[in-house]
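Residue numbers (my numbering): 7 to 335. Glycine included, every Cβ here is placed at the ideal spot set by N, Cα and C. Predicted model, so just to flag it, every value in this text is computed and none were measured. Read the structure below first, then the notes.
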């Protein structure tokens, strides 16, 4: 079962990080109000060893639809202290995992909750053949009309908002309409926007790349920073007991502490191995770049991603809310 922590309805802000000294030893702080929590969690050795020993695989989504490496799951569990989510739900009957990818979240949830029926949906049938008896997968697109024969007790979505073609209000309202009364929704999103605690990323190839990426995604009719409004969308859809937690994730091992360096190392490798796919696709299609120019820029960007004197971070936002509808289908 998921954690039973109390929902936090505090207003969200961007992570506020302290000034960094020249030796890069500052530890990312935990905010007292709990609205922003950086990644200073206990390192789970099995998670870190998974990355080190088993290498890396990527999701094989519809071309141009999704680009995140599979190791993002390990980073998420690291941030959530080994948990699969933060919604305070117990004994969920029917569970829906949107954009399930390799199915790792759905499979682990099914194993941890044998009383649940877990359905994972995605664009491609890339999930493993051997599954827990209470877990199954279907090919589906969250942008299509939903036609499930029953409602769910918990709907989970991760790293989806930049890829939603319909408006986000419609997306969250659809989730709400497909929940049982008292059902929970949770969205875990990465904001693809690099910031630094001391301005050390300004004027770098990394900043230029990030600015161009945001422009390109916008030209495609989407937004890479829309996840910052997840809590607002949940409220507008009718959800109550809203909870929000943010994590500041260092882009490489520049921050102080074993856990910070571990998550920074994981994020750096995630970025290095995922950046080619998104950049080549988005820059050539939306910005009209030629591949040679993309490759030239990426040489400098990858150098920046590994430069510990650049004290940059991205934000991961986790939001959840409960359905208060009283009707039954």
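- Going by C-alpha positions, residue 284 is about 17 Å away from residue 310.
- The DSSP-derived three-state label of residue 147 is coil.
- Rounded to whole angstroms, the separation of the alpha carbons of residue 268 and residue 157 is 39 Å.
- The residue from 171, 252, 183, 273 with its alpha-carbon nearest to that of residue 195 is 252.
- Distance from the Cα of residue 315 is smallest, within the candidate group 292, 204, 114, for 204.
- Cβ-Cβ distances below 8 Å link residue 282 to 304 in the same chain, with the five nearest sequence neighbours on each side left out; the list follows chain order.
- Rounded to the nearest whole angstrom, the C-alpha separation of residue 232 and residue 96 is 29 Å.
- Boundaries of the alpha helix (DSSP H) harbouring residue 214: 211-225, taken from the DSSP string.
- The C-beta distance from residue 190 to residue 93 rounds to 4 Å, short enough to fall under 8 Å.
- Non-local C-beta neighbours of residue 163 in its own chain, meaning closer than 7 Å and more than five positions away in sequence, comprise 104, 105, 193, ordered along the chain.
- For the options 159, 146, 240, 299, the alpha carbon positioned closest to that of residue 98 is the one of 159.
- Assignment of residue 84 by DSSP, reduced to helix, strand and coil, places it in the helix class.
- Taking 8 Å as the upper bound for CB-CB distance, residue 178 and residue 240 are in contact here, some 6 Å apart.
- Shortest Cα-Cα distance from residue 307 to any of 209, 150, 293 involves 209.
- In chain order, 109, 143 place their CB closer than 6 Å to the CB of residue 133, counting only its own chain and leaving out the 5 sequence neighbours on each side.
- Residues 198, 199, 230, 231 of the same chain have their beta carbon placed closer than 8 Å to that of residue 220, with the five preceding and five following residues left out of the count.
- In this structure, 186 is the residue among 224, 175, 186 with its C-alpha nearest to the C-alpha of residue 154.
- For residue 245, the three-state secondary structure derived from DSSP is coil.
- Assignment of beta strand (DSSP E) within the stretch 238-308, counting only whole runs of 3 or more residues, yields 246-256 in chain order.
- In the displayed model, residue 312 falls within coil according to three-state DSSP, outside both helix and strand.
- Residue 104 sits in a strand when the DSSP states are folded into three classes.
- In its chain, beyond the 5 residues on either side, 198, 199, 200 have a beta carbon closer than 8 Å to the beta carbon of residue 216.
- Annotated three-state conformation of residue 170 is coil, per DSSP.
- Membership of residue 197 in the beta strand (DSSP E) is indicated by the continuous run 185-202.
- Taking each of 80, 211, 321 in turn and checking the Cα distance to residue 257, the smallest one comes out for 321.
- Collapsing the DSSP output to three states places residue 318 in a strand.
- Boundaries of the beta strand (DSSP E) harbouring residue 161: 158-164, taken from the DSSP string.
- DSSP, reduced to helix, strand and coil, places residue 330 outside both helices and strands of the structure shown, so it counts as coil.
- Proximity to residue 317 across 255, 244, 300, 327 peaks at 255, based on C-alpha coordinates.
- A Cβ-Cβ distance of about 6 Å is found for the pair residue 289 and residue 222, placing them in contact under the 8 Å criterion.
- Assignment of residue 180 by DSSP, reduced to helix, strand and coil, places it in the helix class.
- Scanning the stretch 116-147 from its first residue to its last, no whole alpha helix (DSSP H) run of 4-plus residues comes out.
- A distance below 7 Å between beta-carbons, with the five flanking residues on each side excluded, links residue 79 to the following residues of its chain, in chain order: 110, 111.
- Secondary-structure assignment with DSSP links residue 325 through a beta bridge to 193, 250.
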